[in-house]
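A.B. asks:
There are 4 protein chains.
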Amino acid sequence: MRKLRMGMIGGGQGSFIGDVHRKAAAIDGMIELVCGAFSSSAEKSKASGKALFLPEERCYANFEEMILAEKELAPGERMDFVSIVTPNHMHFAPAKMALENGFPVVCDKPMTLTIEEAVELEALVKQTGLLFGLTHNYPGNPMVKQARAMVAKGDLGDIRKVQVQYLQGWMATAVEKTGQKQASWRVDPKRSGIGGALGDIGTHAENLVEFITGLQIEELAADLGRFGEGRILDDDGNLLLRLENGAKGTMSFSQIATGEENNLAIRVYGEKGSLEWHQEDPNKLFTRWLDKPMKVFTPGGNDLYDEAASASRIPSGHPEGYLEAFATVYRNFATHLMAVMNGDSIERPDYPSVSDGVRGVKFIYAAVESDKNNAAWTKIN
Amino acid sequence: MRKLRMGMIGGGQGSFIGDVHRKAAAIDGMIELVCGAFSSSAEKSKASGKALFLPEERCYANFEEMILAEKELAPGERMDFVSIVTPNHMHFAPAKMALENGFPVVCDKPMTLTIEEAVELEALVKQTGLLFGLTHNYPGNPMVKQARAMVAKGDLGDIRKVQVQYLQGWMATAVEKTGQKQASWRVDPKRSGIGGALGDIGTHAENLVEFITGLQIEELAADLGRFGEGRILDDDGNLLLRLENGAKGTMSFSQIATGEENNLAIRVYGEKGSLEWHQEDPNKLFTRWLDKPMKVFTPGGNDLYDEAASASRIPSGHPEGYLEAFATVYRNFATHLMAVMNGDSIERPDYPSVSDGVRGVKFIYAAVESDKNNAAWTKIN
Amino acid sequence: MRKLRMGMIGGGQGSFIGDVHRKAAAIDGMIELVCGAFSSSAEKSKASGKALFLPEERCYANFEEMILAEKELAPGERMDFVSIVTPNHMHFAPAKMALENGFPVVCDKPMTLTIEEAVELEALVKQTGLLFGLTHNYPGNPMVKQARAMVAKGDLGDIRKVQVQYLQGWMATAVEKTGQKQASWRVDPKRSGIGGALGDIGTHAENLVEFITGLQIEELAADLGRFGEGRILDDDGNLLLRLENGAKGTMSFSQIATGEENNLAIRVYGEKGSLEWHQEDPNKLFTRWLDKPMKVFTPGGNDLYDEAASASRIPSGHPEGYLEAFATVYRNFATHLMAVMNGDSIERPDYPSVSDGVRGVKFIYAAVESDKNNAAWTKIN
Amino acid sequence: MRKLRMGMIGGGQGSFIGDVHRKAAAIDGMIELVCGAFSSSAEKSKASGKALFLPEERCYANFEEMILAEKELAPGERMDFVSIVTPNHMHFAPAKMALENGFPVVCDKPMTLTIEEAVELEALVKQTGLLFGLTHNYPGNPMVKQARAMVAKGDLGDIRKVQVQYLQGWMATAVEKTGQKQASWRVDPKRSGIGGALGDIGTHAENLVEFITGLQIEELAADLGRFGEGRILDDDGNLLLRLENGAKGTMSFSQIATGEENNLAIRVYGEKGSLEWHQEDPNKLFTRWLDKPMKVFTPGGNDLYDEAASASRIPSGHPEGYLEAFATVYRNFATHLMAVMNGDSIERPDYPSVSDGVRGVKFIYAAVESDKNNAAWTKIN
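Residue numbers (UniProt numbering), protein chains in the order written: chain A, 1 to 381; chain B, 1 to 381; chain C, 1 to 381; chain D, 1 to 381.
(1) Measure the alpha-carbon distance for A:Phe81 versus D:Gln180 and round it to whole angstroms.
(2) Please state whether the Cβ-Cβ distance between D:Asp371 and D:Ala205 is less than 7 Å.
(3) Determine, using beta carbons only, whether B:Lys161 comes closer than 7 Å to chain D.
(4) Quick one: residues in its chain with C-beta nearer than 7 Å to the C-beta of D:Gly12, no 5 flanking neighbours on either side, listed in chain order?
(5) Strictly under 7 Å for the Cβ-Cβ distance: is A:Tyr330 near chain B by that measure?
(6) Applying a beta-carbon distance threshold of less than 8 Å, which residues of chain C neighbour B:Gly29?
(7) Indicate whether at least one CB of chain D lies closer than 7 Å to the CB of B:Asn283.
(8) Looking at C-alpha atoms only, which residue of A:Gly14, A:Lys153, A:Leu33 is the closest neighbour of A:Ala334?
(9) Looking at the unbroken alpha helix (DSSP H) that takes in A:Asn332, where does it start and where does it end?
(10) According to the neighbour-count rule (16 or more other Cβ atoms, all chains shown, within 10 Å of its Cβ), is C:Glu324 buried or exposed?
(11) Which one of B:Arg191, B:Tyr138, B:Phe132, B:Asp200 has the shortest CA to CA distance from B:Asp281?
(12) Let me know if A:Glu117 comes out buried or exposed under the rule of 16 or more other beta-carbons within 10 Å of its beta-carbon.
(13) Within the same chain, show all residues whose beta-carbon is closer than 7 Å to that of C:Ala149, passing over the 5 residues directly before and after it, in chain order.
(14) Just mark residue 396 of chain C as buried or exposed, buried being the case when its beta carbon has 16 or more other beta carbons within 10 Å.
(15) So if I threshold CB-CB distances at 8 Å, which residues from the segment 312-346 of chain B count as touching chain C?
(16) Kindly list the residues whose CB is nearer than 7 Å to the CB of A:Ala375, restricted to its own chain and excluding five residues on each side of it in sequence; keep chain order.
(17) Specify whether the segment 343-350 of chain B and the segment 329-348 of chain C touch according to this definition: at least 3 beta carbon pairs, one from each stretch, less than 8 Å apart.
(18) Which complete alpha helix (DSSP H) runs does the segment 11-67 of chain C hold, if anything under 4 residues is left out?
(19) Quick one: is B:Leu68 buried, meaning 16 or more other Cβ sit within 10 Å of its Cβ, or exposed?
(20) Suppose contacts are defined by Cβ-Cβ distances below 7 Å. Is D:Gly193 in contact with D:Asn342 by that definition?
(21) State the beta-bridge partners of C:Tyr305 as determined by DSSP.
(22) For my contact list, A:Pro142 and D:Tyr322 are in at a C-beta cut-off of 8 Å; report their separation, rounded to the angstrom.
(23) Quick one: is C:Asp350 buried, meaning 16 or more other Cβ sit within 10 Å of its Cβ, or exposed?
(24) Determine the direct distance from the alpha carbon of A:Leu124 to that of C:Phe286, and round the result to whole angstroms.
(25) How about B:Gly202 and B:Glu260: do their beta carbons lie closer than 7 Å?
(26) Determine, for C:Val268, whether the minimum Cβ-Cβ distance to residues of chain A falls below 7 Å.
(27) What does A:Gly301 reach in chain D if we use C-beta pairs closer than 9 Å?
(28) Determine which residues share a DSSP beta bridge with B:Arg267 and list them.
(29) In this structure, does DSSP put D:Ser316 in helix, strand or coil?
(30) What whole-angstrom Cβ distance do D:Ala183 and D:Phe253 have, given they're in contact under 8 Å?
(31) Mind checking if C:Asp223 is an interface residue toward chain D, Cβ cutoff 7 Å exclusive?
(32) Assign B:Phe41 to one of two classes, buried (16 or more other C-beta atoms within 10 Å of its C-beta) or exposed (fewer than that).
(33) Please determine, among C:Ala93, C:Leu156, C:Leu73, C:Phe92, the residue with the shortest C-alpha to C-alpha distance to C:Lys292.
(34) Does C:Gly300 come out as helix, strand or coil in the three-state DSSP assignment?
Right, here's the structure in full:
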């Protein structure tokens with residue numbers, strides 16, 4: 001076997017998330033970046049690729065060129081999959097074209113601008129049989145995997161209540177007017193879609209709830225805020241949640257929560273126990289019990305379920321962070337892809353799927369609709 | 001001057017909150033307990049008083065007897081005020097009778113069962129000119145006072161977002177069927193009123209939001225839960241909030257949040273800064289800023305506003321807790337009452353008032369109405 | 001029964017620790033302050049007593065007067081015990097005189113200026129059979145009691161390592177030159193004795209180690225610092241410890257640890273488990289295990305030993321702090337004294353004893369001697 | 001420019017630290033692994049290399065073979081530097097041979113078994129002019145860099161006190177008898193040298209103190225423990241420290257601190273302020289001040305010095321951990337090496353040097369000597 005070869009779409013110089021994807025893909029030594037269409041400008045794409053030590057001929061002017069050119073290369077040489085790290089409006093087209101040309105896809109979230117696109121991708125994945133991974137990174141955290149496993153095995157009993165929050169403050173002022181690249185497309189419906197903070201971080205919160213509880217959010221009541229002057233898209237949201245089993249909860253997300261950095265946190269309450277996890281302190285899982293003292297789980301520590309034990313790389317007490325969780329998504333995708341390329345199968349792929357992507361887009365649409373109706377209850381479907 | 005003499009209504013043996021009130025009233029050495037109608041059973045009242053080292057003749061069979069008998073005693077000997085620590089349905093009658101007979105009142109929350117009663121008490125307080133203190137204890141915490149002062153002085157800028165939670169787990173199982181005294185009246189609408197957890201702890205959350213922000217909650221959307229089998233009253237609630245200035249937020253409270261002890265916490269986000277306070281870790285106030293690192297304030301520590309600096313008793317680093325915050329409410333009430341008895345006045349009484357009590361009851365009614373209407377937006381008024 | 005009557009020596013206006021003792025003694029409603037010799041100035045003593053609502057005739061000019069006068073009163077009226085809260089040099093004489101005149105004693109720490117005095121008091125207590133309580137308050141904390149119980153029952157296995165620290169910063173600058181009352185006597189060997197920070201807080205650290213582990217510190221190597229300009233007494237210390245069972249450890253204390261408030265913390269490591277407690281976050285006991293995840297105990301929470309369960313007053317999650325721990329020492333002393341006055345006995349008094357006081361003074365002398373010998377190993381005896 | 005080519009010595013299958021080095025070197029995309037002598041068994045070396053997707057011909061039987069063979073390759077193809085990740089006794093020989101054959105070196109710590117070897121390497125580095133990096137990873141943490149910068153710029157004033165601890169529990173039981181590979185060489189003086197936990201983690205603590213304070217430890221008093229049955233080398237240590245400027249402190253390290261994972265923490269107290277950092281919670285730097293509230297710095301957050309600001313990769317609130325800090329050491333070494341290869345120079349290399357390695361070995365020897373003399377004060381030199 002050899003390392004998997006990755007082609008990247010987006011992620012040119014100055015991109016935050018492109019750099020994250022490259023580092024994450026590199027950590028476990030299973031993937032090498034071999035080509036890219038890093039920017040919509042051919043010149044910037046080449047400059048970006050050069051800084052990444054790529055040969056000039058594999059720094060393409062656009063994704064169409066890349067997909068077609070790479071397809072012509074020999075199997076051992078061409079990219080084995082593409083990673084799409086562009087702004088939201090540029091996910092669908094390259095993902096579709098990659099799949100149609102036989103390339104497995106790793107794609108950033110939210111998956112597409114519209115439900116129709118999302119459903120089309122889901123169908124295409126099914127039809128082509130190609131692998132598709134969605135980079136919700138938080139399910140890559142060992143303690144999130146432990147949380148999911150504890151709920152799945154019934155340790156907490158029936159789930160009754162969920163609280164999730166994702167609080168950032170970086171848009172508390174009008175950063176989009178200062179030339180900040182990320183802010184400028186985040187506030188633009190053409191590039192972000194109908195959700196602002198909702199699409200960016202609300203979808204992470206939604207995904208985390210459903211990943212950990214194994215339950216779907218059935219309906220929601222959303223009160224979105226647009227606090228930044230002149231903003232068309234939401235920069236804040238408060239939601240009531242009802243899950244398919246009767247559990248209730250709240251979601252709160254914000255990009256105007258002044259001073260917050262990346263405060264994603266979740267609490268899940270069951271009949272017998274409960275759990276609490278904070279992204280900014282990711283190496284602890286706090287669990288509380290009817291009749292026992294609080295237990296705090298740690299990556300690599302005692303009494304973990306296999307799902308969590310296998311998700312950390314280094315001994316307990318050596319903190320893993322955001323990049324490692326992201327890397328786990330890539331590692332699990334790569335493991336799956338290598339297996340497929342070897343003609344093997346794996347029991348249960350452990351990374352977010354195209355269907356998770358569909359859920360995320362439907363969640364965005366439900367929240368926007370609810371908000372338009374003064375936070376009326378709205379089903380996700 | 002001498003110590004103030006307190007008569008207590010409720011709080012007999014086995015009562016949690018009666019004991020809290022007595023300890024809180026004792027800490028600062030300004031108040032002595034001189035009499036009580038501790039139970040609806042004359043026998044239990046006497047036994048309770050005896051355990052408190054009270055003379056038998058001042059352990060009364062009921063509050064009516066106490067009020068009338070004490071009134072007959074000489075001014076220097078009779079009780080100076082009454083403290084009412086009964087279940088909710090027994091707040092109104094003794095409070096009313098005490099006021100009508102010239103006794104100032106300290107009363108537990110929620111103040112009354114109905115809005116009508118609350119409004120009647122408010123009018124009576126105005127009419128008699130007697131002091132009335134409501135024991136919302138959390139505003140007694142030095143860091144809560146610092147939080148309020150920081151918002152009031154504009155340190156955070158305009159408030160945009162609030163998150164408040166009050167999570168307990170002690171009713172996660174059917175404790176009311178085990179003979180647990182508190183649980184049995186908390187689930188009984190006759191004694192609790194129309195709110196369960198809503199009245200018990202939701203009102204604390206409501207009060208804390210309004211105390212810290214100085215803003216009223218204008219409307220709310222409430223989704224209440226009744227997870228305990230057979231419960232008529234709510235044991236859980238999730239709410240969307242809109243404040244009078246346009247700020248938005250969430251409230252979540254629960255008594256079925258398994259494993260939680262007394263997890264009251266609040267976050268307030270303004271344009272320039274934000275703050276976070278946790279009741280279970282009460283001696284820190286976390287503040288975050290647009291352009292400065294997080295600052296953590298502590299009681300007795302550096303850079304506090306006077307309101308906070310004067311609210312702690314011991315040097316910084318010597319933790320004060322629940323009882324001390326409660327004691328501050330009593331201390332400030334006692335300071336006010338002593339001033340009045342001396343013919344003096346004080347600039348601004350610093351303890352919750354009868355009007356705060358009215359707000360609390362109106363909040364309960366608004367939340368219950370919203371819940372009946374599937375979490376429709378409902379004004380508090 | 002009636003409340004116990006306490007006479008206080010020291011603790012006049014402006015005293016930090018006198019106020020702490022009074023509040024602590026008041027909380028549980030078992031003790032009332034009836035008289036005092038609050039200051040070496042008769043005038044200040046009277047003014048202090050008046051502010052405490054005491055009758056003038058029981059505000060004495062000095063402790064000798066108080067002890068003799070109270071002795072003349074009828075048993076039901078005179079003070080039942082004395083509480084000594086003066087600077088260190090004024091502990092021995094009043095304690096001795098009180099015992100010799102039949103009054104039980106509560107005394108602040110360090111117990112005396114010299115080992116000889118300490119041993120004399122110990123002998124006197126034995127000879128008179130009177131109760132003597134030393135106000136090391138930290139053993140009053142529920143989580144400290146849980147820690148002691150866990151070690152005693154063998155939960156941690158044999159103890160191998162101890163780390164204790166007591167860090168304050170209030171003397172980082174020359175506060176003794178600013179008229180700060182406490183600082184001025186703390187730096188004065190005539191009033192403090194041969195130890196500075198050593199006597200003030202080092203003794204707390206020593207007591208905590210021995211209380212929790214149930215083991216004596218056999219020898220120590222002490223490197224004391226005098227960082228404040230012109231200070232004769234230590235304001236900082238670093239020590240190596242060897243316990244009687246072969247365990248090893250460190251102690252570090254300081255009053256020049258800039259910015260620290262009252263950071264007393266201890267870690268104890270045994271063969272099977274370990275524990276960690278922080279005075280500034282007193283309501284958690286962190287325990288770590290060979291083969292289980294961390295467990296966090298809380299006052300009033302699950303799985304506590306009786307010693308800890310009985311030491312908290314309010315339900316779990318309602319934080320108790322410094323005053324409550326202090327109050328527990330008074331409560332347990334009062335419970336014992338009431339039993340004795342009723343002709344009963346109690347199984348095991350749960351408050352620090354005169355022998356703990358002797359240990360503390362011997363510890364001070366050993367540390368000073370070690371320091372003089374360039375941190376040579378020195379036995380405590 | 002192209003990626004730097006790394007050859008690795010040690011780090012075969014099952015090695016913890018070899019894997020850490022590879023991941024750390026990969027993260028920033030500046031280094032690729034091209035060859036290795038991964039094991040003293042040629043067979044295991046090949047198997048290890050294969051699993052890393054290396055061509056068989058560049059998986060060497062031993063380091064001598066690797067150095068000689070690679071030297072024969074063309075400059076663009078052969079390794080650019082070697083990374084030595086073997087047990088301690090196998091650092092010196094390959095480092096020396098690499099340098100003598102013109103290869104820059106990255107070497108794990110402690111650098112050598114003896115002071116003589118360390119000094120010889122230091123001379124060889126000077127003589128050859130080749131780069132040499134020592135992988136003390138903790139100085140790679142952004143908050144450690146901030147700490148160092150704050151001290152250097154005088155923010156804390158003169159340093160008076162230091163407390164450092166490095167607590168692990170993985171050797172609390174006799175793991176070396178269970179076939180645990182790491183434990184077996186750690187307890188073996190032939191492979192570990194004269195220090196056990198002292199060499200493994202004590203050196204990290206020593207390095208951290210000197211890195212942050214910019215001060216050398218002048219002398220120490222060490223009380224080492226050998227708690228594991230039959231252990232020849234220390235598995236625990238408690239030390240008094242005196243720094244060159246008169247500051248004092250303690251160090252405590254252990255591998256028998258049951259339940260501890262990787263609890264490295266440091267506190268540094270200056271005349272004006274102090275700081276506290278915990279490796280297990282690496283993304284916060286707590287600072288305390290004479291006259292201001294605590295400030296908490298975070299990677300990517302407000303008010304960082306350049307040294308810290310440039311050391312984090314992702315926005316604030318996205319936690320970086322152990323691997324990222326390790327990667328920063330590699331990145332800074334690689335940046336330096338690329339500059340040198342390009343004929344450039346860099347102002348101040350920001351990674352631990354061969355001289356830091358000499359300090360570490362001298363520290364080990366001083367501590368062992370002190371311990372032999374019953375913790376007598378011993379100079380490091």
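Built from N, CA and C at the ideal position, the CB exists for glycine as well.
C.D. replies: So, to answer that:
(1) Counting from one through the first sequence, the residue named residue 81 of chain A turns up at place 81. Counting from one through the fourth sequence, the residue named residue 180 of chain D turns up at place 180. So the alpha carbons of these two residues sit roughly 39 Å apart.
(2) Translated into the one-based positions of the fourth sequence, residue 371 of chain D becomes position 371. Translated into the one-based positions of the fourth sequence, residue 205 of chain D becomes position 205. No.
(3) By one-based count along the second sequence, residue 161 of chain B stands at place 161. No, no contact with chain D.
(4) Taking the fourth sequence and counting its residues from 1, one reaches residue 12 of chain D at position 12. Excluding sequence neighbours, D:Gly12 sits near Gly18, Phe38, Ser39, Lys44, Ser45, Ser48.
(5) Numbered from 1 along the first sequence, position 330 holds the residue referred to as residue 330 of chain A. Not one chain B Cβ lies under 7 Å of A:Tyr330.
(6) Translated into positions along the second sequence, residue 29 of chain B becomes position 29. Result: Arg22, Lys23, Ala26, Leu33, Leu52, Phe53.
(7) Translated into positions along the second sequence, residue 283 of chain B becomes position 283. Judged by the 7 Å Cβ criterion, B:Asn283 is not in contact with chain D.
(8) Along the first sequence, one-based indexing puts residue 334 of chain A at 334. It is A:Leu33 whose Cα lies nearest to the Cα of A:Ala334.
(9) In the first sequence, residue 332 of chain A corresponds to position 332, counting from 1. Counting along the chain, the alpha helix (DSSP H) containing A:Asn332 begins and ends at 322-341.
(10) Taking the third sequence and counting its residues from 1, the one referred to as residue 324 of chain C is at position 324. Burial call: buried.
(11) Position 281 of the second sequence holds residue 281 of chain B. Answer by Cα proximity: B:Tyr138.
(12) Counting from one through the first sequence, the residue named residue 117 of chain A turns up at place 117. With 16 or more Cβ atoms within 10 Å of its Cβ, A:Glu117 is classed as buried.
(13) Position 149 of the third sequence, counted from the first residue, corresponds to residue 149 of chain C. Taken in chain order, the residues that qualify are Tyr305, Glu307, Ala308.
(14) In the structure displayed, chain C extends from 1 to 381; residue 396 of chain C sits before or after that span and is not available.
(15) Arg313, Ile314, Pro315, Ser316, Gly317, His318, Pro319, Glu320, Gly321, Tyr322, Leu323, Glu324
(16) Within the first sequence, residue 375 of chain A is the residue found at index 375, counting from 1. So the list reads Ala221, Ala222, Asp223, once near-sequence residues are dropped.
(17) no
(18) 16-27, 42-51
(19) Indexing the second sequence from 1 puts residue 68 of chain B at position 68. Classification of B:Leu68: exposed, given that the 10 Å Cβ count is below 16.
(20) Counting from one through the fourth sequence, the residue named residue 193 of chain D turns up at place 193. Counting from one through the fourth sequence, the residue named residue 342 of chain D turns up at place 342. Result no, Cβ atoms of D:Gly193 and D:Asn342 do not sit closer than 7 Å.
(21) For this step, residue 305 of chain C is matched to residue 305 along the third sequence. BP columns for C:Tyr305 are empty, so no partner.
(22) Within the first sequence, numbered from 1, the residue matching residue 142 of chain A stands at position 142. Within the fourth sequence, numbered from 1, the residue matching residue 322 of chain D stands at position 322. About 14 Å; that fails the 8 Å criterion.
(23) On the third sequence, residue 350 of chain C is found 350 positions in, with the first residue counted as 1. Buried, because 16 or more other Cβ atoms sit within 10 Å of the Cβ of C:Asp350.
(24) As a first step, residue 286 of chain C must be located in the third sequence, where it is residue number 286. As a first step, residue 124 of chain A must be located in the first sequence, where it is residue number 124. C:Phe286 and A:Leu124: Cα-Cα distance of roughly 52 Å.
(25) By one-based count along the second sequence, residue 202 of chain B stands at place 202. By one-based count along the second sequence, residue 260 of chain B stands at place 260. Not closer than 7 Å, so no.
(26) The residue given as residue 268 of chain C occupies position 268 in the third sequence. So no, C:Val268 is outside the interface.
(27) Counting from one through the first sequence, the residue named residue 301 of chain A turns up at place 301. Glu261, listed in chain order.
(28) Against the second sequence, residue 267 of chain B aligns to sequence position 267. In the DSSP output, where bridge partners are listed per residue, B:Arg267 has B:Gln163, B:Glu276.
(29) Reading the fourth sequence from its first residue, position 316 is the one you call residue 316 of chain D. In this structure, D:Ser316 counts as coil in the three-state DSSP scheme.
(30) Sequence index remark: in the fourth sequence, residue 183 of chain D carries index 183 (1-based). Sequence index remark: in the fourth sequence, residue 253 of chain D carries index 253 (1-based). About 16 Å; that fails the 8 Å criterion.
(31) If you number the third sequence from 1, residue 223 of chain C lands on position 223. Closer than 7 Å: yes.
(32) Numbered from 1 along the second sequence, position 41 holds the residue referred to as residue 41 of chain B. In the sequence as presented, Phe is not what sits at residue 41 of chain B; that position holds Ser. Label assigned to B:Ser41: exposed.
(33) To locate residue 292 of chain C, count along the third sequence from 1; it is residue 292. The candidate whose alpha carbon is nearest that of C:Lys292 is C:Leu156.
(34) Counting from one through the third sequence, the residue named residue 300 of chain C turns up at place 300. Three-state DSSP puts C:Gly300 in coil, outside helix and strand.
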